[in-house]
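Single-structure report; data block below.
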Amino acid sequence: VLANPRLAGTCVLDQPMLDVLLQAEATERELREAVARGELEVYYQPKVDALDWSLAGVEALVRWNHPLRGVIEPGEFIAMAERTGIIVDLGMFVMEKSVRQCAAWTALGRAIEVSINVSLEQFQQADFSTTVIELVKAHGCPPQLITIEITETIASTDIAMVRGQIDPMREFGIRFAIDDFGTGYSNLAQLATLKFDILKIDRSFVAGLETEGAGKEVSRSIIQLGRNLGCRVVAEGAETIGQVSAASALGCDEIQGFYFARPMTLAAFEGWQHKRGEATSPKQAAASGTD
Ligand code: C2E
Ligand code: MG
Ligand code: MG
Ligand code: MG
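Numbered as in this note's numbering, the sequence shown ends at 291 without a single skipped number.
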């Protein structure tokens with residue numbers, strides 16, 4: 001083909017490549033429809049207090065209940081949703097569901113903090129902060145229970161724009177977290193001027209806590225940096241008791257990870273919490289070691 005001058009500059013696709021392209025296009029259309037059809041579901045993953053393991057809050061994580069393929073994880077569709085703009089509707093669906101759930105728990109006397117992931121494309125909508133504030137008000141949800149998670153990279157992409165969106169929401173009472181902290185290459189001094197409430201230490205550093213050496217020293221420094229900035233520090237992705245103990249010993253305030261629980265459907269989360277006895281008295285249940 002390359003030797004044929006008539007075909008130079010032509011894009012030649014073989015059947016497998018064509019399949020991949022058609023598949024990608026189908027998935028995009030499918031995802032757009034999935035949002036409208038209610039095939040998306042919000043899962044909740046608990047975060048626990050590093051000292052007594054009582055429930056500290058939950059992170060809302062989207063899943064796609066595909067009619068044929070079953071449950072699809074966000075790693076397979078968030079990037080595409082961001083590229084195509086679908087993330088704006090998808091993100092608002094997750095935001096609405098999560099705020100509604102937080103308000104419902106609050107009405108039952110269970111004040112559970114809910115963290116929601118937000119992408120750059122959502123922040124770029126001029127009316128984003130106004131829409132979020134109106135939504136939280138409309139549901140009668142205490143704004144202090146809502147945390148918005150943005151990655152380090154987003155925060156440093158256009159700091160003036162991000163600040164413009166964050167300021168009114170912060171003033172209203174919503175909290176902000178830097179997600180996957182330590183994985184970006186951001187200007188830390190500039191990032192710190194955004195005054196985040198929470199730093200989520202990326203899973204890769206939490207994994208490094210278990211083995212002595214340079215990796216552990218980097219993890220230790222990242223946790224210390226978060227504390228020095230006056231943030232609540234959350235260790236993400238703790239899978240073993242060794243990681244949990246080290247994160248706690250090094251000063252993390254909260255821990256999230258498969259060691260405690262995976263992201264779950266609302267029903268499964270309710271069952272998990274009930275089993276731990278936390279629905280009635282969090283501190284007491286954790287102290288007596290009820291599981
Ligand atoms: P994230 O915000 O950093 O969320 C934490 C991810 O780590 C989740 O993956 C969670 O299941 C996973 N995780 C938690 N504990 C452990 C552990 O102990 N071990 C391991 N191996 N993994 C753990 P998930 O649910 O697949 O989400 C992946 C990413 O997709 C999220 O990372 C977030 O960046 C994005 N995402 C998820 N839901 C949304 C959403 O509603 N909107 C936006 N914009 N992004 C979302
Ligand atoms: Mg997150
Ligand atoms: Mg993260
Ligand atoms: Mg992430």
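Glycine is no exception: its CB is placed at the ideal position from the N, C-alpha and C atoms.
Measuring CA to CA, which of I174, L194 and Q256 is closest to R203?
Q256
So, using beta-carbon positions, are N65 and E39 closer together than 8 Å?
yes
Compute the distance between the beta-carbons of V35 and F93, then report whether it is under 8 Å.
yes
Residue closest to L194, alpha-carbon to alpha-carbon, out of T211, G215 and M161:
M161
Would you check if the segment 225 to 238 and the segment 263 to 277 touch, i.e. whether three or more CB-CB distances between them fall below 8 Å?
no
Put P74 into one of helix, strand or coil per three-state DSSP.
helix
Assuming the contact rule is C-beta atoms closer than 8 Å, E59 and E121 should be a hit. Round their C-beta distance to whole Å, please.
So it is not a contact: roughly 20 Å between Cβ atoms.
Quick one: give me the first and last residue of the alpha helix (DSSP H) that D127 is part of.
First-last for D127: undefined, no H or E at that position.
Work out the CA separation of A138 and M306 for me, nearest whole Å.
No statement about residue 306 is possible, as the shown extent of the chain runs from 1 to 291 and does not include it.
Do E33 and ligand 2 come close, with the Cβ less than 7 Å from some heavy atom?
no
I need the straight-line Cα distance from K47 to I148, nearest angstrom please.
15 Å
Can A292 be considered in contact with ligand 1, in the sense that its beta carbon sits closer than 7 Å to one or more heavy atoms?
The structure shown has nothing for residue 292, since the chain only spans 1 to 291.
Could you check if T280 is buried or exposed, using at least 16 other CB atoms within 10 Å of its CB as the buried criterion?
Only weak support is given to the placement of T280: the predicted model assigns it a pLDDT of 49, under 50, and the value that follows is read from those uncertain coordinates. T280 comes out exposed.
Proximal residues to P282 (C-beta, below 7 Å), its chain only, five neighbours per side dropped
For P282, the predicted structure reports a pLDDT of 47, less than 50, and the residue's modelled location is therefore unreliable. The matter cannot be settled from this model.
Would you report the Cα separation of Q222 and I198, rounded to the nearest angstrom?
According to the sequence provided, residue 222 is Ile. The question's Gln does not apply to it. If you take the alpha carbons of I222 and I198, they lie about 13 Å apart.
Counting Cβ pairs closer than 8 Å, one from the segment 126 to 135 and one from the segment 163 to 173, do we hit at least three?
yes
Quick check on the DSSP output: the alpha helix (DSSP H) that includes R110 runs from which residue to which?
Careful: R110 lies outside any alpha helix (DSSP H) and carries neither H nor E.
Return helix, strand or coil for F307, following the three-state DSSP convention.
Absent from the model: residue 307. The displayed extent of the chain is 1 to 291, so no value can be given.
Are the beta-carbon atoms belonging to L209 and K216 less than 8 Å from one another?
yes
Take A155 as the anchor and find which of I146, L188, G140 and P143 has the nearest alpha-carbon.
L188
Those residues, in chain order, that have a beta-carbon closer than 6 Å to some heavy atom of ligand 2:
E59, N117, E149 and D179
Mapping the DSSP letters down to three states, classify P263 as helix, strand or coil.
coil
Nearest-angstrom Cα separation, counted from R163 out to P263:
30 Å
Count the other CB atoms within 10 Å of the CB of L13; is the residue buried (16 or more) or exposed (fewer)?
exposed
Nearest-angstrom beta carbon gap, S98 and V118 [assumed within contact, 8 Å]
Going by Cβ atoms, the distance from V118 to S98 rounds to 11 Å, so no, they are not a contact pair.
Inter-residue spacing [alpha-carbon to alpha-carbon] between R69 and E30:
12 Å
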